[in-house]
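Single-structure report; data block below.
There are 2 protein chains.
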Amino acid sequence: MKNYTPVLKCKACSLRSRCFFGGLTEKEYEFLTANKKEVDFKAGETIYKQGTKSKYLVFLLDGMAKVYIEGDNNKNFILELVKPFQFLDMPAIFDDDMLFRSSAAVIKSRACLIDIEAFKTIVLKDKKNVPKLIKHYNSAQSRFSDRLINVIYKNMEARIADALLYLVNDIFFSRSFNLTISRSDLAELAGMSKESTSRILTQFKTQEIILINGKEVEILNKKYLEQIARFG
Amino acid sequence: MKNYTPVLKCKACSLRSRCFFGGLTEKEYEFLTANKKEVDFKAGETIYKQGTKSKYLVFLLDGMAKVYIEGDNNKNFILELVKPFQFLDMPAIFDDDMLFRSSAAVIKSRACLIDIEAFKTIVLKDKKNVPKLIKHYNSAQSRFSDRLINVIYKNMEARIADALLYLVNDIFFSRSFNLTISRSDLAELAGMSKESTSRILTQFKTQEIILINGKEVEILNKKYLEQIARFG
DNA sequence: TCCGAAAATTGAGATATATCAATTATTACT
DNA sequence: AGTAATAATTGATATATCTCAATTTTCGGA
Chain A
210 MKNYTPVLKC
220 KACSLRSRCF
230 FGGLTEKEYE
240 FLTANKKEVD
250 FKAGETIYKQ
260 GTKSKYLVFL
270 LDGMAKVYIE
280 GDNNKNFILE
290 LVKPFQFLDM
300 PAIFDDDMLF
310 RSSAAVIKSR
320 ACLIDIEAFK
330 TIVLKDKKNV
340 PKLIKHYNSA
350 QSRFSDRLIN
360 VIYKNMEARI
370 ADALLYLVND
380 IFFSRSFNLT
390 ISRSDLAELA
400 GMSKESTSRI
410 LTQFKTQEII
420 LINGKEVEIL
430 NKKYLEQIAR
440 FG
Chain B
210 MKNYTPVLKC
220 KACSLRSRCF
230 FGGLTEKEYE
240 FLTANKKEVD
250 FKAGETIYKQ
260 GTKSKYLVFL
270 LDGMAKVYIE
280 GDNNKNFILE
290 LVKPFQFLDM
300 PAIFDDDMLF
310 RSSAAVIKSR
320 ACLIDIEAFK
330 TIVLKDKKNV
340 PKLIKHYNSA
350 QSRFSDRLIN
360 VIYKNMEARI
370 ADALLYLVND
380 IFFSRSFNLT
390 ISRSDLAELA
400 GMSKESTSRI
410 LTQFKTQEII
420 LINGKEVEIL
430 NKKYLEQIAR
440 FG
């Protein structure tokens, strides 16, 4: 166990100020580390299911996960992709620990399960941790609003443009990247059918907005893509 | 000012355990009451706008408000209706105080504006308040997921059924009620055009699932309506 | 390296929902 | 109480998106 401790002291998230661990004290780290488990997930494997209760907070150490809402008619809607050193979706802590969304590994991943009770102890022990937790909820709210606006108001072109820009800006931090997720995942991220996703991608390719070859993606005209994302 | 104090000690919300004020101490009440303003809103008047920052938390004392997301093409999507003794949507407290949604009075309403700094002081002063605040966020998350599932996966019939059941179960607490909101509002609550809303309502009326005459609504077959809400 | 399975693309047709336009009902104001 | 303005209904048509089916491409294992 001990050998994974340094990983928990993530630099990535303190930079992006999204992660709760950013500014914990040495003692708090140790306490959480003593109350964690580490688990490996194969690509596609479910990490947790919506509607169930969780005893843990899940923190991604390696790989990539998707957080999604399951509908009947086995359709899913991906809310966000999660990279290492970020929490997956929070269960209803300080309440019934219910999970509102499902999560699965997109590629081979490793996660750290933090005991909810230990986490709550940390939160309540030092006042400084409360604002950090609230910030987490704030950014979740903001993301949620964006996703909702996306599906309600935007047409297919805009939704795919949005999804691509999300990958560029928030996931791969580069205009060219190897698309780790499948076209179906991309479709669920954009909230549409995989066939339509395919069509829009070829359209963008023809329009020379993107260059796409299998999993290799390059954004050629980001400005235009941003325009499409906004106005459809 | 003093004469409104008792209203802040809401019974309604402590019952439903949604409201932060439920279990505040006498002292905390007094502190918040000293840092509040009360404002009246006419029907239709905007209470706050998404994308702006707020110095206050807004707590509804009288009337009814809608919390909604504004799209371009001046279409709105109503996230929830808010009744007296509930908070409207939370700004990003402990952060930049940004508001992610807009709000407007549906009917003549009165709101209590609570200074955010005072609120934060109360939250941090007593550990007992933290779980209550987190619970607020949890229920917001849950509501959000429901709304998202609603627009993504459900057809028009199911969305209207959902909206009607929401009015019955969460707003009016009765199978027959006077619909305070307009058909347009109902449409925005169900996430569709007002014309389609009208059509579905007449359809439900013809099927004798509901009885509707102007603003007077009565649910005749709730079981069936619930079935429609689930399976479309 | 080849083969079968899975994933991705493409096309045609079906369907749900929005939009536009016309009519009717309701509300508010003088 | 009468009338203009607004809201609600209804119908016809347009459009976006999905679904089904047929290929084609990619990928993983023997």
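If you read the protein sequences in the order shown, they are chains A and B.
Those letters in the first sequence? Residues 210 to 441, per my numbering, in order.
Those letters in the second sequence? Residues 210 to 441, per my numbering, in order.
Backbone N, C-alpha and C fix where the C-beta goes; we use that ideal spot for every residue, glycine too.
Values in this document were obtained by computation on a predicted structure and should not be read as measured data.
Under the Cβ criterion of 8 Å, residue 260/B is not counted among the residues facing chain A. Here the C-alpha atom of residue 241/B lies approximately 44 Å from the C-alpha atom of residue 376/A. Within chain A, 301, 307 and 309 have C-beta atoms less than 9 Å from the C-beta of residue 351/B, given in sequence order. Below the 7 Å Cβ cutoff, chain A contributes 278, 309 and 310 as neighbours of residue 354/B, in chain order. Interface with chain A (8 Å Cβ-Cβ cutoff): residue 286/B is included. Taking C-alpha positions only, residue 368/A is separated from residue 343/A by approximately 29 Å. Relative to the Cα of residue 391/B, the nearest Cα in the group 303/B, 311/B, 417/B and 273/B belongs to 273/B. In this structure residue 382/B is exposed. Its beta-carbon is surrounded by fewer than 16 other beta-carbon atoms within 10 angstroms. DSSP, read as helix, strand or coil, puts residue 390/A in coil.
Contact of residue 360/A with chain B is assigned, a C-beta pair being separated by under 8 Å. Of the residues 396/A, 427/A and 271/A, the one whose Cα lies closest to the Cα of residue 317/A is 271/A.
Between residue 277/B and residue 288/B, the gap from beta carbon to beta carbon is short of 8 Å.
Residues of the same chain with a CB within less than 6 Å of the CB of residue 427/A, apart from the 5 flanking positions on each side, are 385 and 420 in chain order. Between residue 254/A and residue 313/A, the CB-CB gap stays under 8 Å. Under a criterion of Cβ atoms nearer than 8 Å, the residues of chain B adjacent to residue 400/A are, in order, 361. DSSP places residue 356/B in the uninterrupted alpha helix (DSSP H) bounded by 338-362. One alpha carbon belongs to residue 358/B, the other to residue 238/A, and they sit about 37 Å apart. Contact annotation for residue 347/B against chain A: 301 and 304 [CB-CB distance below 7 Å, chain order].
In the structure shown, the three-state DSSP call for residue 271/B is strand. For residue 423/B and residue 389/B, the gap between their C-alpha atoms comes out near 11 Å. For the pair residue 262/A and residue 324/A, the CB atoms are not nearer than the 8 Å cut-off. The criterion of a C-beta distance shorter than 8 Å is not satisfied by residue 433/A and residue 409/A.
The C-alpha of residue 304/A is placed about 30 Å away from the C-alpha of residue 437/B. At a cut-off of 8 Å between C-beta atoms, residue 434/B does not count as an interface residue with respect to chain A. Residue-level contact check: residue 369/A does not touch chain B, since none of the beta carbons of chain B fall below 8 Å from its beta carbon.
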